[in-house]
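Here my numbering is used: the sequence shown runs in plain steps of one and ends on residue 367.
Here a beta-carbon is modelled for each residue, glycine too, at the ideal position from N, C-alpha and C.
Computed from a prediction, not measured in an experiment: that's the story for all the values here.
Before any comments, here is the structure.
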Amino acid sequence: MLPALLIGLKTSNMYERLTDILKQQNGTFKFKGPWFTSLNLVVTSEPRNVEHLLKTRFTNFPKGNFVKDTVSDLLGDGIFAVDNETWQKQRKTASIEFHSTKFRKLTIESLFELVNNRLIPVLDSSLKKSVSIDLQDILLRLTFDNVCMIAFGVDPGCLQPHLPVIPFAAAFEDATEAILLRFPSLACVWKTMRFLNLGMERKLKKSIQKVDEFADNVISERKKELSLENEHDDDDDTRKSDLLTVFMRLKDENGMAYSDKFLRDICVNFILAGRDTSSVALSWFFWLIDQNHEVEERILEEICRVVSEREEIKKEEFDNNCLRFLPEEIKKMDYLHAALSEALRLYPSVPMDHKEVITV
8 MLPALLIGLK
18 TSNMYERLTD
28 ILKQQNGTFK
38 FKGPWFTSLN
48 LVVTSEPRNV
58 EHLLKTRFTN
68 FPKGNFVKDT
78 VSDLLGDGIF
88 AVDNETWQKQ
98 RKTASIEFHS
108 TKFRKLTIES
118 LFELVNNRLI
128 PVLDSSLKKS
138 VSIDLQDILL
148 RLTFDNVCMI
158 AFGVDPGCLQ
168 PHLPVIPFAA
178 AFEDATEAIL
188 LRFPSLACVW
198 KTMRFLNLGM
208 ERKLKKSIQK
218 VDEFADNVIS
228 ERKKELSLEN
238 EHDDDDDTRK
248 SDLLTVFMRL
258 KDENGMAYSD
268 KFLRDICVNF
278 ILAGRDTSSV
288 ALSWFFWLID
298 QNHEVEERIL
308 EEICRVVSER
318 EEIKKEEFDN
328 NCLRFLPEEI
338 KKMDYLHAAL
348 SEALRLYPSV
358 PMDHKEVITV
């Protein structure tokens with residue numbers, strides 16, 4: 008069991024290897040690592056167990072010190088690295104803002120602009136030139152631009168026609184990769200490499216410095232903008248509504264402004280959450296669509312049916328390839344929703360989740 012699991016974690020098909028082991032063990036198995044690692048795990052894919060961990064007894068299974076220790080260099084005290092009261096406060100505050108009218112409007116408008124003014128032109132260009140593209144890379148660029156606009160109120164411009172290398176995006180990608188490689192490694196190994204500034208830990212340190220530099224510059228500039236905004240008493244409709252600006256206007260439980268580190272951590276965590284999950288889900292969805300043409304046909308039929316129910320269809324929407332769907336129209340697309348849900352079931356964006364136990 009030990010060699011098979013460790014080999015699987017070190018290869019590109021680690022999830023397939025782990026799935027095979029779980030099938031052989033009827034969905035759950037115990038894993039006991041070498042004596043010097045204190046690595047004792049229970050690995051499960053049984054739905055009832057997952058529900059127990061993530062819902063029924065959620066507070067009894069925190070992320071724990073292992074996760075915090077592994078990811079805190081990049082994620083700090085953000086929502087993916089903390090537990091208990093700190094996690095609850097961040098989640099509650101963020102949830103309130105996510106459901107605000109202004110924030111939802113920003114999310115929809117920024118994505119619509121990116122899809123129509125960047126994604127579609129890039130896809131059209133590759134089609135006309137008969138040039139193949141890496142769809143996952145394109146979708147990563149799309150979601151990174153979108154999530155940065157929502158989190159920081161800044162457009163990094165990853166999805167430009169020439170697909171440029173953006174320093175902040177590259178640094179974030181490198182840092183994320185290095186952090187993920189810590190999980191299958193022994194803590195004593197990567198901590199030694201970090202201390203000696205070697206290998207991936209050296210790369211991680213440089214990448215985090217670039218991420219911090221970007222965040223510090225944006226926070227500094229936003230403070231200046233908010234200072235001018237307060238002086239001129241700008242109308243509420245013209246104010247920025249990105250996540251960073253919203254939290255800079257809020258106060259903590261002591262009535263104090265949030266620290267720059269807190270602002271940096273919450274935005275970096277939000278970028279991590281929004282970038283990879285959406286792009287990976289869409290990549291697998293389109294791959295599955297390519298393998299199942301009858302599903303594609305039924306999705307298109309459903310879209311055409313929803314469009315035909317409109318009282319008025321603007322001609323310029325078709326002429327400019329920018330047919331825009333309203334939220335209430337999307338809710339009618341049951342088959343599309345089912346297809347997306349099935350893609351997520353088969354290839355979840357976050358296929359593994361680590362938890363520790365407080366009481367058995």
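Subject >> Collapsed DSSP secondary structure at V49 in the structure displayed >> reply: On the sequence shown, position 42 is the one that residue 49 refers to. Secondary structure at V49: strand, using DSSP grouped into helix, strand and coil.
Subject >> Alpha-carbon spacing of T77 relative to F190, whole angstroms >> reply: By one-based count along the sequence shown, residue 77 stands at place 70. By one-based count along the sequence shown, residue 190 stands at place 183. So the alpha carbons of these two residues sit roughly 7 Å apart.
Subject >> Below-8 Å beta-carbon distance, K268 vs any chain C residue >> reply: Of the protein chains in the structure, only one exists, and it is not chain C.
Subject >> Element boundaries [beta strand (DSSP E), containing F87] >> reply: Residue mapping note: residue 87 aligns to position 80 of the sequence shown, counting from 1. Note, F87: premise wrong, no beta strand (DSSP E); not H, not E.
Original post:
Apart from the five residues on each side of it in sequence, which residues of its chain come closer than 8 Å, Cβ to Cβ, to S356?
Top reply: Position 349 of the sequence shown, counted from the start, is the residue given in the question as residue 356. D283, T284, S285, V287 and A288.
Original post:
Can V161 and V218 be called in contact, C-beta distance under 8 Å?
Top reply: For this step, residue 161 is matched to residue 154 along the sequence shown. For this step, residue 218 is matched to residue 211 along the sequence shown. No, these two residues do not count as a Cβ contact at 8 Å.
**OP:** On a CA-only basis, which of N33, Q95, I337 and D141 is nearest S52? Give me that one, please.
**Re:** Along the sequence shown, read from residue 1 onward, the residue named residue 52 stands at position 45. Its Cα nearest to that of S52, the residue N33 stands out among N33, Q95, I337 and D141.
Subject >> Integer-rounded CB distance, given that K362 should sit under 8 Å from F119 >> reply: Here residue 119 refers to the residue found at position 112 when the sequence shown is read from its first residue. Here residue 362 refers to the residue found at position 355 when the sequence shown is read from its first residue. So it is not a contact: roughly 37 Å between Cβ atoms.
Original post:
How long is the line joining the alpha carbons of G83 and D272, rounded to whole angstroms?
Top reply: Locating residue 83 in the sequence shown gives position 76, counting from the first residue. Locating residue 272 in the sequence shown gives position 265, counting from the first residue. Pairing G83 with D272, the inter-Cα distance amounts to about 6 Å.
**OP:** For Y354, collect the residues of the same chain with a Cβ closer than 6 Å to its Cβ; drop the 5 residues on either side in sequence, then sort them by chain order.
**Re:** On the sequence shown, position 347 is the one that residue 354 refers to. Excluding residues up to 5 positions away in sequence, W291 lie with their Cβ nearer than 6 Å to the Cβ of Y354 in the same chain.
Subject >> From L193, I337 and R111, residue whose alpha carbon lies closest to that of V74 >> reply: Here residue 74 refers to the residue found at position 67 of the sequence shown. Nearest option by C-alpha distance: L193.
Original post:
With distances taken between CB atoms, is the gap from E304 to M340 smaller than 8 Å?
Top reply: The residue given as residue 304 occupies position 297 in the sequence shown. The residue given as residue 340 occupies position 333 in the sequence shown. No. Outside cutoff.
Original post:
At which residue ranges does the region 209-256 contain complete alpha helix (DSSP H) runs of 4 or more residues, listed in the order of the chain?
Top reply: Entirely contained in the region 209-256, the alpha helix (DSSP H) runs reaching 4 residues are, in chain order, 250-256.
**OP:** For V367, I'd like the list of residues in its chain whose CB is within less than 8 Å of its CB, leaving aside the five on either flank, ordered along the chain.
**Re:** To locate residue 367, count along the sequence shown from 1; it is residue 360. So the list is empty, once near-sequence residues are dropped.
**OP:** Kindly indicate the opening and closing residues of the alpha helix (DSSP H) around R277.
**Re:** Here residue 277 refers to the residue found at position 270 when the sequence shown is read from its first residue. A small fix is needed here, since residue 277 is Phe in this sequence, not Arg. From DSSP, the alpha helix (DSSP H) with F277 extends over D267 to Q298.
**OP:** Go through the region 105-179 residue by residue and report every complete run of the alpha helix (DSSP H) that reaches 4 residues or more, in order.
**Re:** For the region 105-179, whole alpha helix (DSSP H) runs of length 4 or above, ordered along the chain, are 108-121, 127-135 and 142-158.
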